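This report refers to the structure that appears directly beneath it.
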Amino acid sequence: FKLGDAMLADFPGNIEFLLMDADHNEPFVNDFMEKAFPLVRSGGKIGIHDVFAHPTPAHGEAIAAYRYMDRIGVQCYTLSSMFPDTHESILLAREKAGIKRDDLIHDCPVNSLLILEVP
């Protein structure tokens, strides 16, 4: 686990889970994905935060993320409210944990984390 700013040289590879929550412009995201994602081991997970998941991405980070996933042939999973079936699964899990559907954990209504598994 690396808290705070991390340099790629800090990681030896074989990362189990990588959370990307940084600069959201397309050039940065392209560079980061090309350099950091190969450090994640096969079967490892990558979370890309602040991508408002939608079948037609509209901003730099989302465009770059979907382009990268298409190129390496992986699908993402998201609990975004823009995908009602998977969003419903998180609402049911919250209810099971005693959290009401309308109790806010954070104030973003779409839950914007994409998760993908490295082949």
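Oh and the sequence shown: position 107 is 107 in UniProt numbering, straight run, nothing missing.
We treat Cβ as the ideally placed atom computed from N, Cα and C, and that holds for glycine.
Quick caveat: nothing in here was measured; it's all calculated off a predicted structure.
{"Query": "Are the beta-carbon atoms belonging to GLU61 and ASP50 less than 8 Å from one another?", "Result": "yes"}
{"Query": "Could you pull out every residue in the same chain whose Cβ sits closer than 6 Å to the Cβ of ARG94, ignoring the five residues on either side in sequence?", "Result": "none"}
{"Query": "Skipping 5 residues on each side, what residues in its chain have a beta carbon closer than 6 Å to that of LEU39?", "Result": "PHE11, GLY13 and ILE15"}
{"Query": "Decide if PHE17 is buried, meaning its Cβ has at least 16 other Cβ atoms within 10 Å, or exposed.", "Result": "exposed"}
{"Query": "Beta carbon of ILE46, beta carbon of THR78: below 8 Å?", "Result": "no"}
{"Query": "Would a check of beta-carbon distances place ASN30 closer than 8 Å to chain B?", "Result": "Reference to chain B is not applicable here, since this structure consists of a single protein chain."}
{"Query": "From the DSSP output, read off the bridge partner residues of LEU92.", "Result": "LEU92 pairs with nothing; no bridge assigned."}
{"Query": "Measure from the alpha carbon of LEU113 to the alpha carbon of each residue in ASP102, ALA97, THR86 and SER42, then state which is nearest.", "Result": "THR86"}
{"Query": "Where do the N-terminal and C-terminal ends of the alpha helix (DSSP H) with VAL51 fall, by residue?", "Result": "Element bounds for VAL51: n/a, residue is neither H nor E."}
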